[in-house]
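Read in the UniProt record's numbering, the sequence shown has 43 at position 43, and its numbers run on one by one without any break.
The structure under discussion appears below in the form of structure tokens.
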Amino acid sequence: MFLCECGGVLLVKNIYAYPSGLTALEKLNYQRNCTVECVQCGKKKENQSFDSEE
Numbered sequence: 001m002f003l004c005e006c007g008g009v010l011l012v013k014n015i016y017a018y019p020s021g022l023t024a025l026e027k028l029n030y031q032r033n034c035t036v037e038c039v040q041c042g043k044k045k046e047n048q049s050f051d052s053e054e
């Protein structure tokens, strides 16, 4: 779980799509980004890491 500077929880609002033309294997290794929004203050952050190598 990720927290905003205000202490609120950041929820995923939008996951960016894969670029066109990727193979299934390339999609497995592609690191997508997402937009998140704080449930407490409403602040939005774009281009946050969605797919993690961890």
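A virtual CB, placed ideally from N, CA and C, is assigned to each residue, including glycine.
Keep in mind the model is a prediction, meaning the values are calculated, not measured.
Per-residue burial, residue i [other beta carbons within 10 Å of its own, 16 or more giving buried]
{"i": "V36", "result": "buried"}
{"i": "C38", "result": "buried"}
{"i": "L25", "result": "exposed"}
Beta-carbon spacing of residue i, residue j below 8 Å
{"i": "G8", "j": "C41", "result": "yes"}
{"i": "Y16", "j": "K27", "result": "no"}
Alpha-carbon to alpha-carbon, residue j and residue i
{"i": "C4", "j": "E46", "result": "13 Å"}
{"i": "Y30", "j": "S49", "result": "11 Å"}
{"i": "L10", "j": "S52", "result": "16 Å"}
{"i": "G32", "j": "C6", "result": "The residue asked about is misnamed: residue 32 is Arg in this sequence, not Gly. C-alpha separation (whole angstroms): 26 Å."}
Extent of the continuous alpha helix (DSSP H) run through residue i
{"i": "L28", "result": "A24 to N29"}
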